[in-house]
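Residue numbers (my numbering), protein chains in the order written: chain C, 1 to 130; chain R, 131 to 457. Just so it is clear, CB atoms sit at the ideal spot from N, CA and C, and this is done for glycine as well. Below is one structure, written out as structure tokens, with a few remarks after it.
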């Protein structure tokens, strides 16, 4: 029983699912950018310019949902990239859950520290830099 | 219409760079990003900021892609990985913040220099890696018991269960912190340092080391990526192309790797990587106004030194015996 649904197998599935979902969003996003010829009020050539000043800093994450409904390629790619970022984070959550079930306190604490670092980078650091 | 085709060609070109980086990265064991950053910044004139941003995010894709296979086979040790991630994630925060400082003060030439040095120095442990499958047995220490560093896996080649005992956990944590800093600073997975931490410091078998490192790289890169995102180092067009490209490339690389019987061919790849490393170093010194060569002289110097360096390492290994038993 336990062998079938152990942490390794679940981790493996999460990783695979995360990568595939993320890639699908990225591919759809790129296709939409080419079809619409623009995204988020920037032209395709502005978005594609290697020296473009249009970068992640100007893409608010709150715009993802409306952007996806409006079939905006920029936000599909953004969604894909953030799913990619969240994939390994989900794995840490799974590990935390499994360590809790196995009553392994030192590894519960360690997983929490890793998650703390991840969310510190995500939430606290950007506010310190602005 | 032709403008759209031109942009499409640009996308495919960056994707192709990603594929090449993925193949070379997995064949040498250094990871796609280590090849991608020099390719993009030296040959595609992508600003180093965007090159590292795209690489860091692509690193997550390859790490997750390959780790999904290894964790299922129970070779990667998730427990040891999570424990060491405390240090790599903290290091990644420090590294990315250092990158923010460096770019804000126009010191980006230092990124080229550090990149070149890191690439060249990580080639050496990578070349010497894998001389033995099982590490010499070491007595369990205090850390082994407290952090439950024992484990085992089934080795398909040896057709037996290999059990191992991890030691010197504190030393590995220290090395992992630096691996994290390098990852956040340069936008790479810094797998070579992670392997050093587990192979040399903790005395783990090579297979456990490489697969656990692969699993860890994604978590480290995710930490740096969020800071890169808010700072605007990620140009989504480039990042989209490289994420797809590197993933395809490392998948192909892993397939090819199984078929390569003549291990000497790997030396050609090592030569290409050392060329890229020296080029990065020279470009950094040029941008920092320490040297003033023309581009052709720069390529000449890089090629000659790359050939010399790899020939030297090749002869050194041949003399030392036990070559070709890698991977």
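Practice prompt. Measuring only between beta-carbons, confirm whether residue 242 of chain R sits less than 8 angstroms from chain C.
Written response: no
Worksheet item: How far does the alpha helix (DSSP H) with residue 358 of chain R in it reach, from first residue to last?
Response: 336–361
Practice prompt. Could you work out which residue in R:352, R:354, R:374 and R:435 is closest to residue 402 of chain R when comparing CA atoms only?
Written response: R:435
Practice prompt. From the DSSP output, in three-state form, read off residue 437 of chain R for me.
Written response: helix
Discussion item. Within 10 Å of its beta-carbon, does residue 131 of chain R have 16 or more other beta-carbons around it, so buried, or fewer, so exposed?
Written reply: exposed
Worksheet entry | Residues, ordered as in the chain, of the stretch 283–310 of chain R that lie near chain C by beta-carbon distance below 7 angstroms | none
Worksheet item: Excluding five sequence neighbours on each side, which residues of the same chain lie with their C-beta closer than 7 angstroms to the C-beta of residue 176 of chain R?
Response: 170 and 368
Worksheet item: Since residue 280 of chain R sits in a beta bridge, which residues does DSSP pair it with?
Response: R:295
Worksheet item: What's the call for residue 312 of chain R, buried or exposed, on a 16-neighbour Cβ count within 10 Å?
Response: buried
Item to complete: Could you check what DSSP says for residue 39 of chain C in three-state terms: helix, strand or coil?
Response: strand
Worksheet item: Comparing the C-beta of residue 16 of chain C with each C-beta of chain R, is any distance below 8 angstroms?
Response: yes
Fill in: Near-chain C residues of the stretch 186–199 of chain R (beta-carbon distance less than 8 angstroms), N- to C-terminal order
187, 190, 191, 193, 194, 195, 197, 198 and 199
Worksheet item: Using a Cβ-Cβ distance under 8 angstroms, would residue 237 of chain R count as near chain C?
Response: no
Discussion item. Only counting the same chain, and skipping five residues up and downstream in sequence, which positions put a Cβ closer than 7 angstroms to that of residue 400 of chain R?
Written reply: 158, 253, 257 and 440
Worksheet item: Hey, quick one: how far does the alpha helix (DSSP H) through residue 215 of chain R stretch, first residue to last?
Response: 208–234
Worksheet entry | Within the stretch 151–181 of chain R, ranges of the alpha helix (DSSP H) (whole runs, at least 4 residues) | 162–168
Discussion item. Alpha carbons only, please: which of R:145, R:139, R:165 and R:152 is nearest the one belonging to residue 405 of chain R?
Written reply: R:165
Practice prompt. Evaluate residue 329 of chain R with the Cβ neighbour count: other Cβ atoms within 10 Å of its Cβ, from every protein chain shown; 16 or more gives buried, anything less gives exposed.
Written response: buried
Item to complete: Answer yes or no: does any C-beta atom of chain C fall closer than 8 angstroms to that of residue 141 of chain R?
Response: yes
Worksheet item: Is the Cβ of residue 213 of chain R closer than 8 angstroms to any Cβ of chain C?
Response: yes
Worksheet item: Going by Cα to Cα distance, which pick from R:251, R:356 and R:341 is closest to residue 230 of chain R?
Response: R:356
Fill in: Whole-number beta carbon distance between residue 306 of chain R and residue 214 of chain R, since they are thought to touch under 8 angstroms
5 angstroms
Item to complete: Consider the Cβ of residue 454 of chain R: report whether some Cβ of chain C lies at a distance smaller than 8 angstroms.
Response: Per-residue confidence for residue 454 of chain R stands at a pLDDT of 43, beneath the threshold of 50, marking its modelled position as unreliable; no derived number is given.
Worksheet item: What does residue 6 of chain C pair with, by DSSP beta-bridge criteria?
Response: Paired residues: none, contrary to the question.
Worksheet item: When burial is assigned at 16 or more other CB atoms within 10 Å of the CB, is residue 76 of chain C buried or exposed?
Response: buried
Practice prompt. Have a look at residue 28 of chain C and residue 271 of chain R and give me their C-alpha separation to the nearest angstrom.
Written response: 52 angstroms
Discussion item. Any C-beta of chain C within less than 9 angstroms: which residues of the stretch 169–185 of chain R qualify?
Written reply: 170, 174, 175, 176, 177, 179, 180 and 183
Worksheet item: Taking the Cβ atom as the reference point for each residue, do residue 137 of chain R and residue 178 of chain R lie within a distance shorter than 8 angstroms?
Response: no
Worksheet item: Roughly how many whole angstroms lie between the Cα atoms of residue 327 of chain R and residue 301 of chain R?
Response: 7 angstroms
Discussion item. Using only the alpha-carbon positions, how far apart do residue 442 of chain R and residue 394 of chain R sit?
Written reply: 14 angstroms
Worksheet item: If you check the beta carbons only, do residue 410 of chain R and residue 160 of chain R fall under 8 angstroms apart?
Response: no
Worksheet item: Got a sec: is the Cβ-Cβ distance from residue 28 of chain C to anything in chain R below 8 angstroms?
Response: no
Fill in: Residues that residue 290 of chain R bridges to, as DSSP identifies them
R:285
Worksheet item: Can you find a CB in chain C that lies within less than 8 angstroms of the CB of residue 444 of chain R?
Response: no
Practice prompt. Look at the alpha carbon of residue 31 of chain C and the alpha carbon of residue 73 of chain C, and state the distance between them as a whole number of angstroms.
Written response: 7 angstroms
Worksheet item: Where does residue 103 of chain C sit, in a helix, a strand or coil, going by DSSP?
Response: coil
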